[in-house]
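Chains as they are written, first to last, in UniProt numbering: chain L, 1 to 674; chain F, 1 to 674.
Protein chains: 2
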Amino acid sequence: MSSSLYTGGQALFICLAFIGLDLLVNVFGLAWNGKYFTFDNIAHWFDLANYSFLKNPVDFLAVALIRDSILLGGAVSAWASPSGFSQVAENVKNVVFAMMLLIVAFAPSKLLAFYEDDNIRLAVGDWILMIWCIFASLLLQGIWTSVLAHVTEVAAGTGDSLLFGDAEHEERLRQEEAEKAAEQRETFQLLFRLLGYMGRQWKYYGMAFFFLFCYSLSRVFIPYYTGEVVTAVFGDKASYEKLHKTVFIMGMLSLASTVFGGLRGGSFTYAHATIDRQIRNDLFRSVVKQEIGFFDMNKTGEICSRLSADCQTMSNTLSLYMNVLTRNLTMLFGSLIFMFTLSWKLSMITLINIPIIFLVNKIFGVWYDMLSEETQNSVAKANDVAEEVLSSIRTVKSFACENYESSRFMTFLNVTLKIATRKVFVVIGLIWSNELLQMGILTIVLWYGGHLVIENKVESGLLVSFLLYQFQLGENLRELGEVWNGLMQAVGASRKVFEFIDRPPRVENTGTYAPDGMTGKIEFRHVAFSYPIRPDLPIMEDLTFTVEPGEVVALVGPSGGGKSSCIAMLEHFYEPTSGEVLIDGVPVREYDHKFLHTKVALVGQEPVLYARSVTENIGYGLDKYDDDMVQNSAKLANAHTFIMNDTTDGYNTNVGEKGSQMSGVYSNSLKFKL
Amino acid sequence: MSSSLYTGGQALFICLAFIGLDLLVNVFGLAWNGKYFTFDNIAHWFDLANYSFLKNPVDFLAVALIRDSILLGGAVSAWASPSGFSQVAENVKNVVFAMMLLIVAFAPSKLLAFYEDDNIRLAVGDWILMIWCIFASLLLQGIWTSVLAHVTEVAAGTGDSLLFGDAEHEERLRQEEAEKAAEQRETFQLLFRLLGYMGRQWKYYGMAFFFLFCYSLSRVFIPYYTGEVVTAVFGDKASYEKLHKTVFIMGMLSLASTVFGGLRGGSFTYAHATIDRQIRNDLFRSVVKQEIGFFDMNKTGEICSRLSADCQTMSNTLSLYMNVLTRNLTMLFGSLIFMFTLSWKLSMITLINIPIIFLVNKIFGVWYDMLSEETQNSVAKANDVAEEVLSSIRTVKSFACENYESSRFMTFLNVTLKIATRKVFVVIGLIWSNELLQMGILTIVLWYGGHLVIENKVESGLLVSFLLYQFQLGENLRELGEVWNGLMQAVGASRKVFEFIDRPPRVENTGTYAPDGMTGKIEFRHVAFSYPIRPDLPIMEDLTFTVEPGEVVALVGPSGGGKSSCIAMLEHFYEPTSGEVLIDGVPVREYDHKFLHTKVALVGQEPVLYARSVTENIGYGLDKYDDDMVQNSAKLANAHTFIMNDTTDGYNTNVGEKGSQMSGVYSNSLKFKL
């Protein structure tokens, strides 16, 4: 639906159809508004001289007319000048939404008004009018965003020849929407994948969520019993018996919430740790399997930062916000149920306000975000200027322009400050409307609650419980508002991590050929090669040579000539771009990875030593080895005496990071194979 | 006091003195515990068969005995084996503190007990006992941390010869403390300096804090009137008149808090923006004044990140947390005043619990921090392993050890998971104790409040107000707990920023010599030079030469030979290590900075163009210039035709970042001087 485009005429037709339906349903509702369905009722409601807000439903029609005028205005404009209208419709979308939400809020207000008089029984028509009022307002908003904001001069697929500008515009619209949709899809895919990780630790998370549920449940009861305690001591019926009973229940609830709360925290801590281990392990396993070209392209530091920072962000935020989400959702629904049970009328007052608060935040929020972006852009511009100046500081100094540049930087800072001046008003507006609504609800609930208590429609003690639930509801809504951003952090970090986990190595070590013996004949057949990181820079083209078994060959040439590239291909670090590298007539890629590397080895100028014991360094790469084997090969390499005499702990000496505990010469002599 | 050291004997003496005093004051308090001061009273209180918690103050003596035994135990151990005892004392410090806080909490409990019977008038002795109980417990904690944790085998300054180990230990202790103190001092200095920045914007911050104060004040009244509204509709005395009156006040308070809240938000937004501008401007001004050597040492990227990220953190967190701090402090004190006014007895119940909550959090917090550090270390170790493997991936692959390294990494991850297993229990303990205390207080306040209402000691409606204040108090304390960490973030960022702001340039351009004409004789006299970034690598030693006016000189030599260093010294970018660089017989440092650079200029191979108009690029460095001057010099440099014909907008063309909108040749030809 959202990717369709409409002509102005089509849009007008859809809107007129909606308006007709809207008026029809309203008249219908008014007609059914006695005990029977009769059109006499309508005339009866139009007796405006005796209009009473508490009884007459005719105002639903008035509200519908307001709603329809708005839509009609939009539709006629779209029809009259379709070109560019979609942008206008997009821009005023939020304002329309604001008005629709106000109209939505009208329905429950009217419901409360009807229920003021206990003797009135609501007719079928009243319900029709109220429900339709909500439904029609939301539908109108839908029509606005999906039809009026997608009006184009000529509809696609009508067979008429499209003007170039329009086709381009249409194409752009479609593309933008497709991109947005793809991004959303990707976000949700990542989110589900993250949840999948939680699923793999279902034992711990199951436990955690179970305890969380019990905890939230016991917490939900607490405001209710707080109110009960207050009731127990109020007025003439106060008694120690009632006090002790209610306080005892409070104590039990507290105990339960404490016990479950602790268990919840504990299980989340452990589940979080297991997921952390899982993600890191998956990432590391995938990364070490990548071909050498991957490491040419990604710096070690960058990979390590994914392994540490990004993994941590993923597991931390995921656990934290799933916890927050579940707790607040449970408590939110619990509180709502309690509130409606305590008094559906008071709850309605709160509910009427939620769309209005949502709306005000939306309008000011858009404005605030716009200014924030403007601020960010202006700060970024100032930073660009600073960077330009600092990176060419010699030029600045050689023209003695330090002060000039400082003043220039200041003008950019002043721009930011000017934006802040406008931001001040948005902040004031945002806070005013928000606080006014929140404090307004509290005041209204107090007044209406008091009114209901005095009228004996609500038991007095329940007002206290209700107030406490209302505070809790606000708290829950606030915390839920933070969940999405939190989860998006996890998704953001996971995007990078999954990218590496999912990457298939470009050079796969899937060969299985492992002969009993090798003669060692090396052949390069018409080999062409360039490094994957610089595919446009050929290192060798059509290189062919053969090294016979036992032959000692020296490759000589300038740096960058491809000497080490030959060795790297022989080790199957890279695949040649074309041609073949063969050992004993078999391409290296067909050899078993492990087998190949027991036969082909490179002794570099600066051998790598690991921060492990001498024994482990010598035995590196072997599945099994014992001290005798290690010592024998050390003796063969003339390293035994040195190891025994010149190290602190013989074969158990830890050689330190990058062999830093060993002097260069010695560390060289340590590098030989068993 | 904290840097003194004590022998075991001295410590024992101090402790015994305290114990004596403690017992004396307690006996004295018991003696004064009738209408008159008489020792008969004491015997009276020891009639334990008729002991009543509500009347008998003898348990203060019992509590004192517990307290003194703990101290005596410590003191005797210190005396018996002073060596190493200070460490033990340091370790159990928190446990001792825990016990002391429990004893502190005993005093107000006793006070409430005494007040149960309205007929009892508290004697002077009761007050002495209660106040001393609190004071003595805190004093004991002080003695433990500053005396027992500083016991050494032989005291310093006694003239006895110190054992080497002891002197060393003592020295280490002193040093550690000095370092800690210096760090604290620095933190507070930075904090004050940050506040100083706020002081410079006092107009806006003054306004902001004023509105904040008004806002908090109106908020403080709201729980009280919420309670009043509830009272207005409870029971038989309910009336619409009372309801409307209290709801009206609520409405006014809500309105006031809304108005002030918005103004507060607005002024903070603006004040924050001004401070942000101030800090950035100060930093930029200081940085561009630095000598070239500074830019050799600090990469542009690093300086820019201070200019953007650190400055932002500073101004953001400072404004935010000063706002949070002031709001919560105002509301905390307001709530406390209200609570005590409503019922000092109920408030006392809350107050008793605060030290206990503090204590439990302290004990579990230390444990939790320890495990967190352990986790961090273990994660860091795993990351080190990963880095070692990834940075030597060729070696790993050439030994076909990918799977081996993956398994090895997993063992390190398992260590982290094992630590998490222990963490689970700490988390459970932390949550259990915290929740139990919080929910416990609520339950106790409800019970005791109900009890007071039933006994007619508290007006019924106030219980609701009190409960609301208690919720608010908890909220305020929680938010205040976050302030310190927030401010420390600002301090952390400011440390780096101030370091640059405070740095005096090593090469100062303070010269004032600006003759009317120059002949242009250049002299190097016995110049030695090395770059400040590598002071041990001399570039030139004892270089002497003279360039006569009008002479064209070519400096020839290998790269790193000092050719450009000569020019840099001539431009006064660096000072020679020794010797003098002179123009017309005057050292370059004595020339006016601006004047010098209108006379000495370097035309490099790759000239720098700024992302400004052609005119601005040509006129760069001149205070005043007009279009004619710019065009004339462009003509002289044969660039006029090119500028007019081959650019998009003639002299107004923006040349783009680093001259990217111009081809290399053209951008070269653009670089000449007016």
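C-beta atoms are modelled at their ideal positions from N, C-alpha and C, and glycine is treated no differently.
Open item on the list: Between L/Tyr321 and chain F, is any beta-carbon pair separated by less than 8 angstroms?
Closed with: As a working note, residue 321 of chain L is residue 321 in the first sequence. So, not an interface residue.
Task: Check whether L/Asn323 and L/Phe284 have beta carbons under 8 angstroms apart - done: The residue labelled residue 323 of chain L in the question sits at position 323 within the first sequence. The residue labelled residue 284 of chain L in the question sits at position 284 within the first sequence. Cβ distance not < 8 angstroms, so L/Asn323 and L/Phe284 don't count as in contact.
TODO: Kindly list, in the order they appear in chain F, the residues whose Cβ is closer than 8 angstroms to that of L/Ser372.
DONE: On the first sequence, position 372 is the one that residue 372 of chain L refers to. Neighbours of L/Ser372 on chain F: none; closest Cβ ~11 angstroms, over 8 angstroms.
Task: Residues within the segment 618 to 634 of chain L neighbouring chain F, beta-carbon criterion of under 7 angstroms - done: Per Cβ criterion, the list reads Tyr620, Gly621.
Open item on the list: Nearer than 7 angstroms: is that true of the beta carbon of F/Gly561 relative to any heavy atom of the ligand GDP?
Closed with: As far as ligands go, the structure on display features none, and thus does not contain the ligand GDP.
- [ ] Inspect the beta-carbon positions of L/Val146 and L/Arg67 and report whether they are closer than 8 angstroms.
- [x] Indexing the first sequence from 1 puts residue 146 of chain L at position 146. Indexing the first sequence from 1 puts residue 67 of chain L at position 67. A small fix is needed here, since residue 146 of chain L is Ser in this sequence, not Val. The answer is no: Cβ separation not under 8 angstroms.
- [ ] Kindly list, in the order they appear in chain L, the residues whose Cβ is closer than 7 angstroms to that of residue 676 of chain F.
- [x] Chain F is shown from 1 up to 674; residue 676 of chain F falls before or after that span and cannot be answered.
Open item on the list: With a threshold of 7 angstroms on Cβ separation, who are the neighbours of L/Ala273 within its own chain once the five nearest residues in sequence on each side are excluded?
Closed with: Taking the first sequence and counting its residues from 1, the one referred to as residue 273 of chain L is at position 273. Within the same chain, L/Ala273 has no close Cβ partners at all.
- [ ] Provide the residue(s) that pair with L/Asn654 in DSSP beta bridges, ordered along the chain.
- [x] Taking the first sequence and counting its residues from 1, one reaches residue 654 of chain L at position 654. Paired residues: L/Ser613.
TODO: Find the nearest neighbour of L/Asp592 within the set L/Asn638, L/Ala634, L/Val630, L/Pro515, judged by alpha-carbon distance.
DONE: As a working mapping, residue 592 of chain L is identified with position 592 in the first sequence. Out of L/Asn638, L/Ala634, L/Val630, L/Pro515, L/Pro515 has the C-alpha closest to the C-alpha of L/Asp592.
TODO: Determine which residues share a DSSP beta bridge with L/Phe524 and list them.
DONE: Indexing the first sequence from 1 puts residue 524 of chain L at position 524. Looking at the DSSP assignment, L/Phe524 forms a beta bridge with L/Phe545, L/Val581.
Task: Whole-number beta carbon distance between F/Glu523 and F/Leu609, since they are thought to touch under 8 angstroms - done: The residue given as residue 609 of chain F occupies position 609 in the second sequence. The residue given as residue 523 of chain F occupies position 523 in the second sequence. The pair is not a contact, with the Cβ atoms about 33 angstroms apart (cut-off 8 angstroms).
Open item on the list: For F/Ile567, which residues in the same chain have their Cβ closer than 7 angstroms to its Cβ, ignoring the five residues on either side in sequence?
Closed with: Taking the second sequence and counting its residues from 1, the one referred to as residue 567 of chain F is at position 567. Around F/Ile567: Leu602.
Task: Simplified DSSP state of F/Val151, which is helix, strand or coil - done: Within the second sequence, the letter at position 151 stands for residue 151 of chain F. Shown here, F/Val151 sits in a strand according to DSSP, grouped into three states.
Task: Interface positions of the segment 306 to 330 of chain L facing chain F (Cβ-Cβ less than 7 angstroms), listed along the chain - done: Those would be Leu307, Ser308, in chain order.
- [ ] Taking a Cβ distance cut-off of 7 angstroms, strictly less, list which residues of the segment 567 to 600 of chain F are near chain L, in chain order.
- [x] Correct list: Glu571, Phe573, His593, Lys594, His597.
Task: Proximal residues to L/Phe260 (C-beta, below 7 angstroms), its chain only, five neighbours per side dropped - done: As a first step, residue 260 of chain L must be located in the first sequence, where it is residue number 260. Once the five neighbours on either side are set aside, the close Cβ partners of L/Phe260 are Phe211, Cys214, Tyr215, Ser218.
- [ ] State yes or no: is the beta carbon of F/Glu183 nearer than 8 angstroms to at least one beta carbon in chain L?
- [x] As a working mapping, residue 183 of chain F is identified with position 183 in the second sequence. So no, F/Glu183 is outside the interface.
- [ ] Kindly list the residues whose CB is nearer than 6 angstroms to the CB of L/Ile275, restricted to its own chain and excluding five residues on each side of it in sequence; keep chain order.
- [x] Residue 275 of chain L sits at position 275 when you count from the first residue of the first sequence. Within the same chain, L/Ile275 has close Cβ partners Tyr197, Gln201, Ser315.
- [ ] Examine chain F for any beta-carbon lying closer than 8 angstroms to the beta-carbon of L/Ile522, and answer yes or no.
- [x] On the first sequence, residue 522 of chain L is found 522 positions in, with the first residue counted as 1. Taking 8 angstroms as the CB threshold, L/Ile522 stays off the interface with chain F.
Open item on the list: With distance defined between alpha-carbon atoms, name the residue in F/Asn617, F/Thr330, F/Arg478, F/Ser343 nearest to F/Ile633.
Closed with: Working through the second sequence from its first residue, we reach residue 633 of chain F at position 633. A small fix is needed here, since residue 633 of chain F is Ser in this sequence, not Ile. Of F/Asn617, F/Thr330, F/Arg478, F/Ser343, the residue nearest in Cα terms is F/Asn617.
Open item on the list: For a contact defined as C-beta to C-beta under 8 angstroms, what are the partners of L/Lys289 on chain F?
Closed with: The residue labelled residue 289 of chain L in the question sits at position 289 within the first sequence. For L/Lys289, the chain F residues whose Cβ falls inside 8 angstroms of its Cβ are Glu402, in order along the chain.
TODO: Determine the extent of the alpha helix (DSSP H) in which L/Phe340 is found, giving its start and end residues.
DONE: Numbered from its first residue, the first sequence carries residue 340 of chain L at position 340. Its alpha helix (DSSP H) spans residues 311 to 342.
Open item on the list: Tell me the DSSP secondary structure of F/Ser392 in three-state form.
Closed with: Position 392 of the second sequence holds residue 392 of chain F. DSSP places F/Ser392 in coil when its eight states are reduced to three.
Task: Cut-off 6 angstroms between Cβ atoms - residues of its own chain near L/Gly449, not counting five sequence neighbours on either side - done: In the first sequence, residue 449 of chain L corresponds to position 449, counting from 1. Excluding positions up to five away in sequence, the list reads Leu346, Leu463.
Open item on the list: Buried or exposed for L/His526, going by 16 or more other Cβ atoms inside 10 Å?
Closed with: Your numbering for residue 526 of chain L matches position 526 in the first sequence. Its Cβ having fewer than 16 others within 10 Å, L/His526 is exposed.
Task: Minimum C-alpha distance to F/Met339 - residue among F/Ile419, F/Tyr321, F/Leu318, F/Phe221 - done: Position 339 of the second sequence, counted from the start, is the residue given in the question as residue 339 of chain F. Among F/Ile419, F/Tyr321, F/Leu318, F/Phe221, the Cα nearest to that of F/Met339 belongs to F/Phe221.
TODO: Can you say whether F/Arg478 is buried or exposed, counting buried as having 16 or more other CB atoms within 10 angstroms of its CB?
DONE: On the second sequence, residue 478 of chain F is found 478 positions in, with the first residue counted as 1. Exposed: under 16 other Cβ atoms inside 10 Å.
Task: Cβ-Cβ distance between F/His572 and F/Val507 below 8 angstroms - done: Locating residue 572 of chain F in the second sequence gives position 572, where the first residue counts as 1. Locating residue 507 of chain F in the second sequence gives position 507, where the first residue counts as 1. The beta carbons of F/His572 and F/Val507 sit closer together than 8 angstroms.
Task: Per-residue contacts from F/Cys214 into chain L (C-beta, under 7 angstroms) - done: One-based indexing of the second sequence puts residue 214 of chain F at position 214. Here the premise fails: no neighbours, minimum Cβ distance about 13 angstroms.
Task: Neighbourhood of F/Pro108 by C-beta distance below 7 angstroms, restricted to the same chain and skipping five residues each side - done: Numbered from 1 along the second sequence, position 108 holds the residue referred to as residue 108 of chain F. Same-chain partners within the cutoff: Met348, Leu351, Ile352.
Open item on the list: So with CB distances below 8 angstroms, who are the chain L contacts of F/Cys304?
Closed with: For the purposes of this step, residue 304 of chain F is identified with residue 304 of the second sequence, where counting begins at 1. Ordered by position in chain L, the residues that pass the 8 angstroms Cβ test against F/Cys304 are Asn383, Ala386, Glu387, Leu390.
Task: Ordered list of alpha helix (DSSP H) runs contained in the segment 25 to 80 of chain L, each at least 4 residues - done: List check, alpha helix (DSSP H) in window: 40 to 45, 59 to 80.
TODO: Quick one: using the 10 Å Cβ neighbour count with 16 as the cut-off for buried, is F/Trp344 buried or exposed?
DONE: To locate residue 344 of chain F, count along the second sequence from 1; it is residue 344. Classified as exposed, F/Trp344 has fewer than 16 neighbouring CB atoms from the shown chains inside 10 Å of its CB.
TODO: With DSSP as the reference, label L/Phe234 as helix, strand or coil.
DONE: Working through the first sequence from its first residue, we reach residue 234 of chain L at position 234. In the structure shown, L/Phe234 sits in coil (DSSP, three-state: anything other than H, G, I, E or B).
- [ ] Run down chain B in chain order and give the residues with a C-beta less than 7 angstroms from the C-beta of L/Thr269.
- [x] In the displayed structure, chain B is absent; the protein chains listed are L and F.
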